[in-house]
Each structure stands twice: as C-alpha cells, then as structure tokens.
Amino acid sequence: MSSISKRVRNVVTPTLGWDSDLVALRSDGLHVKCDDGKTYLDFASGVAVLNIGHRPKRVVAAVHKQVDTFIHSGCVFMYESIAALGERMARICPGDIDMFFFSNSGAEAVEGSIKLAKYVTNRQGIITFRGAFHGRTLGCVSLTSSNAKYRRHYHPLLASVYRVPFPYSYRCPYGHTSDECADESLAALDTVFRHEIYPEE
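Taken in order, the sequence shown gives residues 1305 to 1505; the numbers are from my numbering.
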C-alpha cells in the first residue's frame, strides 16, 4: 500500500469503499497511470459513469466552456444551458416525457425517484433487489443492501422497504438455470405481496 493510499484511508470514511490500493495520477481514454509507474486498462469505467472514457476531447471542451462562464448557480439564477438541455432531452425521450430533474449524483437521482414514485402513486412501499447498491444518502441507504457497512449506525431507515432476490441467471441466488431463476425470483416477489405488503400499496 502506497503512502497516498494510507493517507486516503486515514481521512476518508470507511463507507466510501475502494476496490484496490492503486493511486491514479493521470487518465486518458481507456488508460489510467498510477503511482506504481504502471498504466492500467480501466475496465471499471469509473464505476460505469465514464463509459465514454477518461477526458474525451468533446467533454473536456464542454467543461472548459462551462467553467469559463460560471461553475454553479444553484437554484438562485436561471440559465440558458439548462433550458437547452431540457428541450433537447424532450425531443429524444420516449412518449410525452417533457419535464426533467437535473441532479449532481446518482444518489440524488435515486432520492428524487423515490419521492416522485411516492408522490405520483400515493403508495408508501418500495421493492428493491437484495444486494443492490443505490447510494449513500439516507433514503438510498434504506434501499442499499450490497454491504452492511453502508447502513451501520444509521437506523431507523425508511420504512416499508422490501427486498427480493434479483433474477441473475449467471449467478442465480438459488443455483438454478435461467428460467428457473426467474421463476424463483418472481415467487419471492409473490411472497412479499402475500405476507408483507399488498401490491396496491
């Protein structure tokens, strides 16, 4: 473990996990150069949020254009780029989707989705998949069960959250084949509706 790895682990909360002790110095396209002198091919794509690669020229140019204008305006000022993005998304989204919630992170998007679903359906129950990760905010942690460390010391969490196994045929939680795995997962969902919460809730 490098000295930078040790320093990071000393000052960053354990709920922010690391998959390796590699320390990235620079990135470009598919590659990340680390402090061990080696260059690695990044198959993680920044936990899949960088699936266009590191520092693509068009994205870097857009970032520079934005920060040369302003970095943040919150909800204090309106600005043209947010209207332009909303209009563009309305043209390409399916159906009649024409209103958008722009957020800073996946957790904020999940929180917004929880609120939207509760508001529109007037249903309090939430079903999530066992082993899923949804984020580290309190609402997201209520749905997250990929690792108990994300939930430690934060109870009570959101009420009426129910978990069912994900029908992942490659590593079926029941050890079944593809069709059997899906059937078992649907049966687990049916069990939740029979014993824990009515479907209409």
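For glycine and all other residues, C-beta sits at the position ideal for the given N, C-alpha and C.
Status (buried if at least 16 other CB within 10 Å, exposed otherwise) for residue i
i       : result
Glu1500 : exposed
Thr1448 : buried
His1335 : exposed
Ser1385 : exposed
Tyr1454 : buried
Gly1443 : buried
Pro1360 : exposed
Glu1415 : buried
Pro1460 : exposed
Pro1471 : buried
CB of residue i within 7 Å of CB of residue j, strictly
i       : j       : result
Ser1450 : Gly1439 : no
Ile1430 : Val1465 : yes
His1358 : Asp1400 : no
Val1468 : Tyr1458 : no
Ala1463 : Thr1441 : no
Ser1482 : Ser1489 : no
Gly1390 : Phe1404 : yes
Bridge partner(s) assigned by DSSP for residue i
i       : result
Leu1345 : His1335
Tyr1466 : Ile1431
Arg1330 : Lys1337
Minimum Cβ-Cβ distance from residue i to chain D less than 7 Å
i       : result
Ser1449 : This model lacks chain D altogether, as it is built from one protein chain only.
Review point. Enumerated in chain order, which unbroken segments of the beta strand (DSSP E) with a length of 3 residues or greater are wholly contained in the region 1377-1426?
Key: Whole beta strand (DSSP E) segments, 3+ residues: zero.
Check your understanding: If you pair each beta-carbon of the region 1313-1321 with each one of the region 1340-1349, do three or more pairs fall below 8 Å?
Key -> Between the region 1313-1321 and the region 1340-1349, the count of C-beta pairs closer than 8 Å stays below three; the two stretches do not touch.
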